[in-house]
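In the working numbering, the protein residues as written are 1 to 255.
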């Protein structure tokens, strides 16, 4: 499968990147299947450089903080009002409990029933796997101030692990074990950020990947614009035995 970094700025859109959004694609039955992991502020515009958003097969929202979900409001407008219609039924959408009601409040003048013509919502549940085309997706409840999930995405024997927003927790072991690529939250910096239960730092992400075992590639993401990526990389490299990669907006990686 291929992973395109649509947005990787943490907490808010940065000068060089939208907030969190990852396009994952794989072939099956003669066509390309596409899922989107998160759709944070600024991401819908950049997503259109790579795919018509109403051609996406499913959207997976790790949690309901603005930097991971707010551009769903723009996708609602696109799907509902595109001239001639989107040519498809509702977009399958997985998220925490109450996702539809949350997005309706964010949009401002619709209710959750209006959204149902555009999105088909399903609640995420810890370790309750589901399939979208070639993708087997397993959500893991992780450690964040709101209901939040990480995603293990498997296709054609390859594994992508996306932590979403989380601090260290037991679920990261099963999430990351044997993954070909880990996209790891690295919003915090050791020595600067001391609050717990919100985000990983580069070193804590690397330590989780080492403990999980069998991880091939570690890629840091979700860094706010005030972070120096090289500091995050250095802190991870002190723990991770291989190359520490930094997610680049617009780049596509083969998994």
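Note that the Cβ used here is the ideal one computed from N, Cα and C, for glycine as well.
What is the rounded straight-line gap between the Cα of residue i and the Cα of residue j?
i: residue 90; j: residue 27; result: 22 Å
i: residue 221; j: residue 245; result: 9 Å
i: residue 225; j: residue 189; result: 13 Å
i: residue 162; j: residue 207; result: 15 Å
i: residue 173; j: residue 143; result: 13 Å
i: residue 198; j: residue 40; result: 18 Å
i: residue 54; j: residue 9; result: 23 Å
i: residue 66; j: residue 241; result: 34 Å
i: residue 47; j: residue 154; result: 22 Å
i: residue 88; j: residue 69; result: 22 Å
i: residue 33; j: residue 152; result: 17 Å
i: residue 127; j: residue 171; result: 10 Å
i: residue 247; j: residue 109; result: 36 Å
Under the rule that 16 or more other beta-carbon atoms within 10 Å means buried, what is residue i, buried or exposed?
i: residue 233; result: buried
i: residue 228; result: exposed
i: residue 105; result: exposed
i: residue 76; result: buried
i: residue 59; result: buried
i: residue 116; result: exposed
i: residue 140; result: buried
i: residue 205; result: buried
i: residue 236; result: buried
i: residue 71; result: buried
In the DSSP assignment, find the unbroken alpha helix (DSSP H) run with residue i in it and report its ends.
i: residue 229; result: 229-237
i: residue 77; result: 72-81
i: residue 66; result: 66-69
i: residue 203; result: 202-212
i: residue 99; result: 99-107
Report yes if the CB atom of residue i is closer than 8 Å to the CB atom of residue j, and no otherwise.
i: residue 112; j: residue 147; result: no
i: residue 159; j: residue 179; result: yes
i: residue 175; j: residue 255; result: no
i: residue 129; j: residue 137; result: yes
i: residue 168; j: residue 218; result: no
i: residue 213; j: residue 177; result: yes
i: residue 164; j: residue 187; result: no
i: residue 83; j: residue 43; result: no
From what residue to what residue does the beta strand (DSSP E) around residue i run?
i: residue 22; result: 21-28
i: residue 120; result: 119-123
i: residue 168; result: That residue, residue 168, is in no beta strand (DSSP E); it is neither H nor E in DSSP.
i: residue 58; result: 58-60
Shortest alpha-carbon distance to residue i belongs to which of the options?
i: residue 63; options: 74, 20, 44 and 56; result: 20
i: residue 86; options: 101, 103 and 56; result: 56
i: residue 2; options: 50, 25, 16 and 121; result: 25
i: residue 252; options: 49, 124 and 109; result: 49
i: residue 23; options: 7, 14, 30 and 11; result: 7
i: residue 124; options: 79, 248, 95 and 209; result: 95
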